[in-house]
Structure formats: C-alpha cells, structure tokens
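Residue numbers (the UniProt record's numbering), protein chains in the order written: chain Z, 1 to 341; chain G, 1 to 341. By construction, the Cβ of each residue, glycine as well, lies at the ideal position given by its N, Cα and C atoms.
Number of protein chains: 2
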Amino acid sequence: MPEARRRPPGSTDVARLAGVSQKTVSRVINGEPYVSDEIRQRVLAAARELGYRRNTAARALNLGRFHRIGVASLGSSLYGPASMLIALERHAREVGYALSVVNTMEGDDTGVVNAVETLLEQGVDGIVISEPIVAEQELRIDASVPVLSFGPVAGLDAPQVITPGPSGVDAGREATEHLLRLGHATVRHVAGPSRWWAARDRVRGWREALAAAGAPEPPPLEGDWSPASGYAAGRVLAADREATAVFVANDDMAIGVLHALAEAGRAVPEDVSVVGMDDVPAAAYLSPPLTTVRQDFEAIIAHGLALLLERIEGGSRVAVHDTPVTHLVVRRSTSPPKEKR
Amino acid sequence: MPEARRRPPGSTDVARLAGVSQKTVSRVINGEPYVSDEIRQRVLAAARELGYRRNTAARALNLGRFHRIGVASLGSSLYGPASMLIALERHAREVGYALSVVNTMEGDDTGVVNAVETLLEQGVDGIVISEPIVAEQELRIDASVPVLSFGPVAGLDAPQVITPGPSGVDAGREATEHLLRLGHATVRHVAGPSRWWAARDRVRGWREALAAAGAPEPPPLEGDWSPASGYAAGRVLAADREATAVFVANDDMAIGVLHALAEAGRAVPEDVSVVGMDDVPAAAYLSPPLTTVRQDFEAIIAHGLALLLERIEGGSRVAVHDTPVTHLVVRRSTSPPKEKR
DNA sequence: CTGGGATATGACTACGTAGTCACGGAGTTG
DNA sequence: CAACTCCGTGACTACGTAGTCATATCCCAG
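Written out as structure tokens, the structure reads:
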C-alpha cells in the first residue's frame, strides 16, 4: 500500500546521503566558502537526487526574518493599481523577496490598517501600501516592520513609515500646463475620490499649474475612477459652454467623459480638449485617441522599494534613487481652443 | 541608548506574564477547549499588552503546512488576469490562507514552470496557475503540492493537477450564437494568442456555434489581447465587405477593432456588429457601447479553489460546486445585418 | 466513598535551518 | 621547529509553536 505521505527531505537527509554533516549541507546550499569542491559536488548531487528544497519556515524561524514583503492593496482591477502590483512583484523577486498580497475591498470598513495587521500576522519583513487612502477610522496599529506608503496613513504606528514624494503632483501639473500652453483660458478637472491621496496629488498639481499661470480655478468635479463616474462628470461639462479643456484624473474616467461629450454633440478636441492619465493600452485607440500622462510605475516602485529595503536590511544595500518621472503623451484629444468669437 | 531591536514577543513571554505555561497560551490563541475562562482572559490580556502575534514560521515548521497558496500569474495588467487575482486573494483569505504571487513576464523564457518552482521554494500548500499557456519548453517540475490550473500544463509533474472545465468555450459559443440569431450569415473571430488556453477555448466555442448553425467558418484572425493588435485585425476586417459580424476574444482588442472600423468608415453596428469579451468597466462607454460576454470570475475561482482545498486538506472541507456561468451583455454594438441587396 | 469520566493544566519534545564554537591539518613565518 | 594563521569540517544549539502524554481536580454515579 502507498505510504502515508512522508515529509519532504531535509538537509539532514541530504547530509546522510552525501556522507557529511547537516551543517555542511547548509553551507553548500547557501554558497558559503570553506567547502571543498569535491564535497560541494557530492552534496549538490545528493540534493538533486532527493529533490531537496530548503524549508523556508525553518529558515525564517532561525533567522527571525521572512524574506517576504507584503502588499496592502485596495483590490481594484484598475490599470494603475494592477501595474503597481506587477512592478512590485518583479522588483521584490529581483532582490530575493517573496510577495504577499492582501486586499481590502473598497467599502470594507476594516480598511487598509486591517490589511496591514493581516500581513503582520502572516509574517513579513516590510509592507507596502500601494494605494493609500485617507484612513476612515483611527484604528491604531503597531506595525513592527517598516512600511512604505505613497501618501500619509493615519492610525499607523510603525518604526519607520517611508513616504517618497508624490509624483502625482507632477503629472497633474504637466497635464494642466499642456492645456494652458495650447491657449485655453483655464482647465477643468475631474478628480478621483478625495479619499485617495493619488487623487489629491493630481488636484494639487492642477491647482499649482493654474495658479502659476494666473488662470482662474474652476470648481473640480469628483468621480470614483470609473468610466461611469466620468460619464456623469462629462455630462456636466458638456452643458457648460465655457469648458474648453479638461484634465481627467485617470483614463477610465476620461473614457466616460469622451462618451458624454460625444453624446452631447460636443466635438473633441474642437470644442473641448481632454487629457487623461495613466496611458492605458486602450488610450491610443479611443475616438479620438487620448492625450494622457504616463507614470513610470517601474521607477516609482524601484525607488520606493529601495528605500524600504534599506530600512529592512539596515542600510546594507545601496539605494538607487532614480527619480520617478511622468511623461506626457500627446494624441488627438487636445488642440488649441476655437477662435474666440 | 536605544536597545538593539529585540525579537518580537513569543508565546513564552506571554505565558510568563500571565503566569501560565507556554502550552496554555497556545491553547488560548488557537481557541482550543479545556481552558478556564479566568485563565483565558488573563492570557488574552497579557497577549494584548505585549502585542503578541503568533510566529507563522514556527507554526509552519511545526505543522509542516504553510497555510499559504501561491499564484503563478503571467503578470499582465489586463482586466481578466487582474480580476482573477483579486478573486483569488479574497477567497483564499476567506478560508484562512495567505496568498503569494509570482509573475512570469511574458516573453520570459523561464515560463510558468519556473514560477511554480519559485513558489515551491517559498513554501506553499497549493498552487494556482491563473492563466495557463501552452508550455514553451518541456521542463519537468516535480510539484509536491496540488496544482490548480484552468487548462493543461505540460511539463508539470504534480500529484494532483486539477483542471475545472474551461468556461471560455461557453462564452465563445454564447457570443457567436447571439450574432447568428441576429441573422448574420456567419461570424468572424479575432482570437487571443494561441498559446493561451483561454484563447483556444474561445475559438472552440466560436467553432462549435458556427458548426451547430451550419454556418461557414471563416479563418480566425489572431491578436495578442492588446488594443493595438485588435486595431490591426480591425483593418483587415474593415477591408472585407463580407464581414458583417465579429466576435473579439477580449474587450481590449475589441476597442482596437472599433477604432479601425470607424477609421475606415464602416459603421458599427450598421455595417459590422462587434461582440467583445470580459465586460471591462469602459465597455459601456465606448462609441458605440460594446456588446460583450461577462465571465463570473468569482464563481470560477470559488469553484476551483474549493477543489484545490479539498486536495490540500484531504477532503475535510465540503466543496461547493457552484458552476461558473457566462453572461451576455447586449449593448449597441450589435444589430441585425443590413437588408440584403 | 470509590471508581471513572470530563475538565484543566503543564512538562517534554520535534520540526529544519543556520549561527557559534571547537578542532584538526596544512601551510607560512621568524 | 615553534608559533601562528588559514582552511575545512562537524557537534551543539536556539528559534517559537503545537502535538503527545502525564498529572491533578472535580463531579457524579454506583
């Protein structure tokens, strides 16, 4: 009869087969010096034969480190968050860390802070809060590990909370400046939900650009990142003959805006210029193709993660501070305003 | 001076503070019976005071189980994969499992099989391959844990590879039947990359529907899921006056198709009807709003994960087999063909 | 009032890894 | 050739948890 499934082989089993001590196996596996070539080969052969994989639980227990970083995400399938997660995974893996993900569904009262708690219980050496929002409650959490957040997080009591500069401000400024340069008197804004710091940053960039140009600041509209909310905002804009230029806080909402404008018979870009943000793959294939601002998620993550690792590993690694940049992609949805009457 | 950071408190520390044995703390933490209420309260108070969190590494080492499942993903920010991941995380968390993610960037020669190996090294009790593709090489991996895959995976040698029925077939059939019912003589297809099983399933559903209706089967076009590839396919379709109906394997490509058709002056749906797949949030706000097929990711994942857990936990849990369904969403991009001349 | 089950608690131990230290031999230097 | 250093190896141990088994009460039935 088939045996009850036995435990996977350990370094002790490898040691026995290779005729060496367990410690020597450990040395070989970790590539430590002071092992003769002959023994090294014997151990590797034995390990291969047994299908040995080192037990990360035992390793973590011994070292007191998990070699794992956790991501507290909002769990949306939006392009931005999804891209962040992918970049995070890649960079974490590159520096030898595994990645845990915990989502906090939007509308969930538990919130980001609870996701952090869940990660801490799972065992991680560091935490990334990928889309920080304004904390809905004042739950105090004592995070015993460094936390990287792209915006302030209330209620979090961590030894080191790291917050790289918000690059969304640059993006908002760039989009707005582009429209102003084209000659528009001012620029409307369809913002993301104000609970999101990313949304606030874009508002700030938009404000700064208007102020710098001495343009009047019209009241911003607010959506929830969804095309549906963009559509609602678009209907408001379509009704306003003064509105000739809009900066929309993400491409999804911009799609809704475009649809509303088309429906109302307002031509883009002749009557209204539209700038989105994110440069989703579909942006170039809308009607008209959408001018938008692209963020370099790779650079943002690389930068932030380097800071985080510096804290985790006690400054042993050199942090490469390649400053994240934003990049305006001009397509056909923007143009100078029509001749003034 | 500040102490060197000391280890986090363990059950022993809690035990000392509460004046009980370490084992009793373990019992309280795990909610085991046979602990007096008074002691239970004392222990909980002590744990709270010290900020105790049980060490998962020690727990995993002791039990030989990680309470963690791993996802091998392709690392795209597409709507489908992103939604799968979110559903996975939610369901895993609900049954008390943590989630590890490893991506294998498309074009990476290492492939899915290597991602599986990485997960095994990280320590997981089960693995989900969320977007299986046809293995590019014959690397044999000995996965010592159950693997859930939504399609065959070559080169994987696992004790139990679980493959729930491919629901993409239903989706393809449903989309095609809808177009045929409207009166189109036949339906063109813009497929996903043939390396993806999801793409193949949709092709199969399309074929089956055509065959069942006795409609001729035109040669399918192939894209890579991206709007750009959809645009290329759309230009081909636009040049073909016989093409009056298209089923596109995902909404992103459908956006490209719509753009190409509009550019060529072919009206949708008057000249060409288009059906997409996924029901991305933007689908309802395209011009025209896109008829599409929605998959119930939640149900697909719930179903698959139940099967996986059954294997992991030895049939202790009751698997709820709520059969995944697809759902056609009819919008304005489809209509009967124009009157025959 | 006595045997026996249910209840409550603790002592001891295994889990697999890698750090610490100890030891023996080879080579090198004064 | 004595004193010393570098190399290669192994014995022993800690890490924190939960399983196993032993022990100590207590209550109730016979």
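- Within the segment 119–131 of chain G, the residues whose Cβ lies closer than 7 Å to some Cβ of chain Z are L120, E121, Q122 and G123, listed in chain order.
- Residue ranges of uninterrupted alpha helix (DSSP H) with 4 or more members, entirely inside the segment 158–185 of chain G and ordered along the chain, are 168–181.
- Taking the C-beta atoms as reference points, G:V116 is found nearer than 7 Å to G:A143.
- Considering only G:A245, G:P289, G:T24 and G:S229, the residue with the shortest C-alpha distance to G:D271 is G:A245.
- Per DSSP, reduced to three states, the secondary structure at G:F247 is strand.
- What Z:L99 touches in chain G, judged by beta-carbon distance under 7 Å, is S100 and V101, going in chain order.
- Under the Cβ distance rule, Z:H91 does not count among the residues neighbouring chain G, no pair being separated by less than 7 Å.
- DSSP links G:E49 through a beta bridge to no other residue.
- In the DSSP assignment, Z:M84 falls within the alpha helix (DSSP H) that extends over Y79 to E94.
- Counted as a single uninterrupted DSSP element, the stretch harbouring G:R188 is not any alpha helix (DSSP H) but the beta strand (DSSP E) occupying residues R188 to A191.
- In this structure Z:E49 does not touch Z:P81 by the C-beta definition: roughly 44 Å separates them, more than the 8 Å allowed.
- Beta-bridge analysis with DSSP links Z:W196 to Z:I133.
- Residue pairing by DSSP places G:T12 opposite no residue, since no beta bridge is assigned to it.
- A direct Cα-Cα distance of roughly 22 Å separates G:H327 from G:S149.
- For Z:V330, the number of other beta carbons within 10 angstroms of its own is below 16, and it is reported as exposed.
- Around the beta-carbon of Z:L63, fewer than 16 other beta-carbon atoms lie within 10 Å, marking it exposed.
- The beta carbon of Z:A249 lies closer than 7 Å to those of V190, A191, G192, A199, R202 and M277 in the same chain, with the five residues before and after it left out.
- Beta-bridge pairing by DSSP links Z:I127 to Z:G70 and Z:V147.
- The three-state reading of DSSP puts G:D142 in strand, counting E and B together.
- Contacts between Z:G75 and chain G, judged by CB atoms closer than 8 Å, involve I86, E89 and R90 in chain order.
- DSSP places Z:V116 inside the alpha helix (DSSP H), whose first and last residues are G111 to Q122.
- Listed by position along chain G, the residues whose Cβ is nearer than 7 Å to that of Z:S226 are P281.
- The shortest C-alpha to C-alpha distance from G:Y285 to any of Z:I255, Z:D251, Z:G51 and Z:A212 is the one to Z:I255.
- Annotation: G:A98 is outside any alpha helix (DSSP H); the continuous beta strand (DSSP E) that includes it extends over A98 to N103.
- For G:G265, there is no enclosing alpha helix (DSSP H), as DSSP marks it with neither H nor E.
- Judged by beta-carbon spacing, G:F247 lies beyond the 7 Å limit of G:V268, meaning their Cβ atoms are not closer than that value.
- For Z:N55, the neighbours in chain G by C-beta distance under 8 Å run, in chain order, L61 and G123.
- Using a Cβ-Cβ cut-off of 7 Å, Z:A47 does not count as an interface residue toward chain G, since no Cβ of chain G sits closer than that to its own.
- Against Z:A284, the close residues of chain G are P227 and A228, in the order they occur along the chain (beta-carbon pairs closer than 8 Å).
- If you check the CB distance, Z:T186 and Z:P216 come in under 7 Å.
- Contacts with chain G at 7 Å (Cβ-Cβ) do not include Z:I312.
- Taking a beta-carbon distance threshold of 7 Å, Z:H327 does not count as an interface residue toward chain G.
- For the pair G:S229 and G:G214, the Cα-to-Cα distance works out to about 29 Å.
- Cβ atoms of G:G205 and G:D170 come within 8 Å of each other, at about 6 Å.
- Straight across, the Cα-Cα distance linking G:G168 with Z:R90 is about 29 Å.
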